[in-house]
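Below is one structure, written out as C-alpha cells; the observations come after it.
Protein chains: 2
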Amino acid sequence: MVTVSSRRRPGRPAGGKQVVDRELVLDAAERSIRRDGPLVSLEAIALEAGVTKPVIYARIGGRTELSNALSARLADRIVQSVLSAIADQPVGRSALVLFLAANLETVAANRELFLYVTGGSSDDSPQRSLYLASQSAAPLAAQLSQWRADTGHNPAVGEAWSYAIIGMLQLTSLWWLNQVELTAQGLAEQLAELLWSGLRTPPVA
Amino acid sequence: MVTVSSRRRPGRPAGGKQVVDRELVLDAAERSIRRDGPLVSLEAIALEAGVTKPVIYARIGGRTELSNALSARLADRIVQSVLSAIADQPVGRSALVLFLAANLETVAANRELFLYVTGGSSDDSPQRSLYLASQSAAPLAAQLSQWRADTGHNPAVGEAWSYAIIGMLQLTSLWWLNQVELTAQGLAEQLAELLWSGLRTPPVA
DNA sequence: GGGTAAACGTACTGTAGGTACGTATGCGCT
DNA sequence: AGCGCATACGTACCTACAGTACGTTTACCC
C-alpha cells in the first residue's frame, strides 16, 4: 500500500542527476551535529540534507561509514592545518609549539565534530577512534622516524611515539574543551614543555 | 493481562533480600562484555545476572551509569596496579617504566572492558572517556605538581600533564592491543624514553 | 493474623538503525 | 517517435534496544 502524501512524490528528480552527492550529505551531517549535538539521528541528517534515509545509505553506507567519513574529514583538516603551520620551520621546540597550537585550534574550531568523532555512538568507536588517530599518526610517524634516523637515534620508536603524541593531544583536547581559563597557546606551551624536555627536568640552579 | 509463563513467578524472593546486589550486576556486565563484546544489551547483562532489566535500573540506574561504574572499576584496577608497582620507588626513569608497564599490563588483562569503556556506545562517550581519565589523572596530577614544586619548577602544569600522560597511554594502548609483535615492557620502554627525555634528544656523540 | 512495604517479573512504549518495495523519470535503442 | 530498462528516490516496514508502568508475590512487623 502506498499512501499518497502532500510531499514530494517519489521518483527520479529533474535533470536525471542525484539530488545530493556524498559531500553534501557530509555537510548536512556536520550542520546537524553542530546544531543538535553528537546524538543526531540519521533521519535528522537526511532531513537536513533534503533527502531520506535510504539516500544516506546509498551515498555513505550506514552509521559506521558516516562516522568514518566524518573522522576522515576532521583528520584531514587537522593535518592540513598542522602542515601549513609548520611549513618551512626547522625541527625544534618552536615548531613543536606551532604543531600543538594548530592542532588545538583546529579541534576547537570543530568542537562538536571532534566530540562526535571521539565519542560517537557507533558500534565500533574504539576502532574508529584508532582510525581517526592513524590518519594523523601516519605522517607524523614518518617525520619522527626520519628525524630520529637523521640524528643518529633509533627510528623504530616513531610509530609508537606518533600514537603517543596524538593520544596526548586527543585526551588533552577533550579536557581542555571544558576548561575556560586556558588558551590554546598556553596549553600548547605546557605540552611542548613536556614533549620537548621530558619529565627529567634538571633541578634549577 | 498477565501471561503466566513457565519461568520463575514474580514476587519477592526467598530470604527477603535482594537477589543480586550492585557488585554482582557489575560482575555480570563484565562477563557479558568479555563474552559478547562491547555491544551487549542491558537485557543480556540482566540475563547473565539472573534478573531482569528493571533490576539493573534499580541497582545501577541505566546504561550511562553502568558505563560510568565500569569505568570506575577499570580505573580503580589501573590505579591500584600502578600504585603497587611504584610503591617505595624513588622518582625517576625506572619508576616511570614501572608505571607505564603496570598500566599497559592491566589494560591488556582487561582488554574487552577497556574497549567497552573507551569506545562504548553510551549517549555521552566523550564525557565518560574524560571521566575515566580523570580518575587516573587526579592522583597523578597531585604527584606531578608535588614533584615539580619540590624540584623548583612550576607546578601548574601538573593537571595538563597528567591528562597528557593518560591520553598518551589510552590511545597507545588501543593501538598496541592490535599489535602482536610488541610486549608491554618494550612499549613501556619506548614511551618512557619519550616522556623522560623528551624529543630534544641531543645528537649522539 | 492482617496490613504494608520491599522486591521483582511481565509487558509495554518510544526511538533509531536498517531495508524491501513500489513509483516516477530520463536515456538509449529500435 | 515511441517503448523498455536502468536509475534515483520516497514510503512504509521490521527489528532491536533503552527505559518504564504496573501487577504480583513474599517477608516483616505490629
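Going line by line, the protein sequences match chains A and B. If you're matching positions, the first sequence starts at 0 in numbering that gives the first Met the number 0 and goes up one per residue. If you're matching positions, the second sequence starts at 0 in numbering that gives the first Met the number 0 and goes up one per residue. Beta carbons are placed, not taken as given, at the ideal position from N, Cα and C, and that holds for glycine. Note that the structure is a prediction, hence the values are computed from the model and not measured.
Cβ-based burial, residue i [other Cβ within 10 Å; buried from 16]
i        : result
B:Ala27  : buried
B:Gly157 : buried
B:Asn67  : buried
A:Asn153 : exposed
B:Gly49  : exposed
A:Ala57  : exposed
B:Leu93  : The sequence as given places Ser at residue 93 of chain B; Leu does not occur at that position. B:Ser93 comes out exposed.
B:Asn109 : buried
A:Glu29  : buried
A:Thr150 : exposed
B:Leu170 : buried
B:Ala187 : buried
A:Glu180 : exposed
A:Leu139 : buried
B:Ser128 : buried
A:Glu22  : exposed
B:Ala86  : exposed
B:Gly197 : buried
B:Ala148 : exposed
B:Ala155 : exposed
A:Leu38  : exposed
A:Ser4   : For A:Ser4, the predicted structure reports a pLDDT of 41, less than 50, and the residue's modelled location is therefore unreliable. A value from the coordinates is still provided. Answer is exposed; the Cβ neighbour count stays below 16.
A:Ser80  : buried
B:Gly118 : buried
B:Leu173 : buried
A:Leu65  : buried
A:Arg199 : exposed
Residue i, enclosing alpha helix (DSSP H) - first and last residue
i        : result
B:Gln184 : Ala183 to Ser196
A:Val116 : Arg110 to Gly118
B:Leu168 : Gly157 to Trp175
Same chain only: Cβ atoms within 7 Å of residue i, ignoring 5 sequence neighbours per side
i        : result
B:Val1   : Only weak support is given to the placement of B:Val1: the predicted model assigns it a pLDDT of 39, under 50, and the question is left unresolved by the model.
A:Glu262 : The question about residue 262 of chain A has no answer here: the residues shown for chain A are numbered 0 through 204.
B:Leu193 : none
B:Leu25  : Ala68, Leu69 and Arg72
A:Asp35  : Ala43
B:Val90  : Trp146
B:Arg33  : Glu111
B:Tyr130 : Asn67 and Ser70
A:Leu143 : Gly157, Trp160 and Ser161
Own chain residues within Cβ distance below 6 Å of residue i, not counting five before or after
i        : result
B:Ala183 : Ala100, Leu103 and Glu104
B:Leu168 : Asn102
A:Ala84  : Leu97 and Ala101
B:Phe113 : Val106
B:Arg208 : Since the first and last residues shown for chain B are 0 and 204, residue 208 of chain B lies out of range.
A:Leu195 : The question names Leu, yet the displayed sequence has Trp at residue 195 of chain A. Excluding sequence neighbours, A:Trp195 sits near Arg92 and Leu95.
B:Gly185 : none
A:Ala74  : Leu131, Gln134 and Ser135
Beta-carbon proximity list for residue i, same chain, < 8 Å, skipping 5 on both sides
i        : result
B:Ala137 : Ser161
A:Gly166 : Ala132
A:Ala191 : Arg92, Leu95, Val96 and Leu99
B:Val54  : Val18, Val19, Val24, Ala45 and Ala48
A:Asn177 : none
B:Val78  : Gln134, Ser135 and Pro138
What residue ranges within the region 27 to 106 of chain A form continuous alpha helix (DSSP H) runs of no fewer than 4 residues, ordered along the chain? Runs found: 41 to 48, 52 to 58 and 62 to 85.
Chain B contacts from the region 185 to 197 of chain A (Cβ-Cβ distance under 8 Å): Of all residues in the region 185 to 197 of chain A, Leu186, Gln189, Leu190, Glu192, Leu193, Leu194, Trp195, Ser196 and Gly197 have a Cβ within less than 8 Å of some Cβ in chain B.
Selection of the region 154 to 165 of chain B by Cβ proximity to chain A, strictly under 9 Å: Cβ contacts with chain A come from Ala155, Val156, Glu158, Ala159, Trp160, Tyr162, Ala163, Ile164 and Ile165.
Residues in the region 71 to 93 of chain B with C-beta within 8 Å of chain A's C-beta atoms, listed in sequence order? Going along the region 71 to 93 of chain B in chain order, one finds Arg92 with a Cβ nearer than 8 Å to chain A.
Members of the region 169 to 180 of chain B that neighbour chain A once the beta carbon cut-off is set at 7 Å: Taking 7 Å as the Cβ-Cβ cut-off against chain A, the residues of the region 169 to 180 of chain B that qualify are Gln169, Leu170, Thr171, Leu173 and Trp174.
Select from the region 33 to 59 of chain A all residues with a C-beta closer than 7 Å to any C-beta belonging to chain B, and list them in chain order. Under the 7 Å Cβ criterion, the region 33 to 59 of chain A contributes Leu38.
Just by C-beta distance, which residues in the region 127 to 156 of chain A are closer than 7 Å to chain B? Going along the region 127 to 156 of chain A in chain order, one finds Ser128, Leu129, Ala132, Thr150, Gly151, His152 and Val156 with a Cβ nearer than 7 Å to chain B.
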